[in-house]
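To start, the structure itself, in structure tokens.
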Amino acid sequence: MIRLESSSVPTWAIAPEVGTLDQRGRTFSLVVIGDPGSRHLPAARAIAEAWTAQLAARPAGAVVHRELPAEAAVAVLTADLHRALVGHRILLTGTARDCLAVRAAVLAAGAEDDEVVIGVVDATERTVWCVHCAATTVTTAALEGETSCSGCSRRLVVHPHVSRRTGHHLGYMADAEEQPWSWPEPRA
702 MIRLESSSVP TWAIAPEVGT LDQRGRTFSL VVIGDPGSRH LPAARAIAEA WTAQLAARPA
762 GAVVHRELPA EAAVAVLTAD LHRALVGHRI LLTGTARDCL AVRAAVLAAG AEDDEVVIGV
822 VDATERTVWC VHCAATTVTT AALEGETSCS GCSRRLVVHP HVSRRTGHHL GYMADAEEQP
882 WSWPEPRA
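Spelled out as structure tokens, the structure:
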């Protein structure tokens, strides 16, 4: 059983969840993350519309709303953060996999956890980083489930850990303890 209180996995990365909007913010970058035509965009747009309605009383220009694929969202939000003043908030909505990746980038660009609000519409896919070959694999395996590494083909356990730096889940060889092993020969 997964104990999230001792894990780095946010609850919204396990099941869809919409974070509470921080009304203390002065300016907001709101991004619907997703590729054009994604089946998740309508639900993400609905979250963005609800957030926009909550912020309707803000002065013009206080809320900048964009719809972008994850890679483009990272570039745009990084630029936003370089221009941001105290009180800037980042609002992200999309799949958990995309939100984790974009969140990692905005934290690296200087945002703090309490300045980022997440609205997740689907948490079935995750990106797993293999500790053996450093490849990343997109999978629907559950936490503590198994998936095949796209790089080295090892069977990986999806460990309940998310890197704040990359937004990837940690994967390690599922049957490492069962593999033949011997002490290395001493060097002369």
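So the sequence shown is numbered by our numbering: it starts at 702 and just counts up by one. Glycine included, each C-beta is placed from N, C-alpha and C at the ideal position.
Beta-bridge pairing of residue i - partner residues as DSSP gives them
| i | result |
| --- | --- |
| His766 | Leu731 |
| Arg827 | Thr840 |
| Val719 | Gly820 |
| Leu793 | Val732, Ile819 |
Range covered by the beta strand (DSSP E) that runs through residue i
| i | result |
| --- | --- |
| Arg856 | 856–863 |
| Glu847 | 847–849 |
| His783 | Not the beta strand (DSSP E): His783 falls in the alpha helix (DSSP H), residues 771–784. |
Same chain only: Cβ atoms within 7 Å of residue i, ignoring 5 sequence neighbours per side
| i | result |
| --- | --- |
| Gly811 | Leu782 |
| Arg746 | Val733 |
Integer Cβ distance of residue i from residue j, believed to fall under 8 Å
| i | j | result |
| --- | --- | --- |
| Asp814 | Thr796 | Rounded, the Cβ-Cβ distance is 20 Å, inconsistent with contact. |
| Gly698 | Leu801 | The requested residue 698 does not occur in the structure, where the chain is confined to residues 702 to 889. |
| Ala836 | Ser849 | About 11 Å separates the two Cβ atoms, so there is no contact after all. |
| Val832 | Ala806 | In fact, because the Cβ distance is near 22 Å, the residues do not count as touching under 8 Å. |
Simplified DSSP state of residue i, which is helix, strand or coil
| i | result |
| --- | --- |
| Arg798 | helix |
| Leu756 | coil |
| Arg746 | helix |
| Glu813 | coil |
Limits of the alpha helix (DSSP H) - the one that residue i falls within
| i | result |
| --- | --- |
| Leu871 | Leu871 -> not in any alpha helix (DSSP H); beta strand (DSSP E) instead, spanning 870–874. |
| Trp713 | Counting along the chain, Trp713 falls outside any alpha helix (DSSP H), and DSSP gives it neither H nor E. |
Own chain residues within Cβ distance below 8 Å of residue i, not counting five before or after
| i | result |
| --- | --- |
| Ala843 | Val859 |
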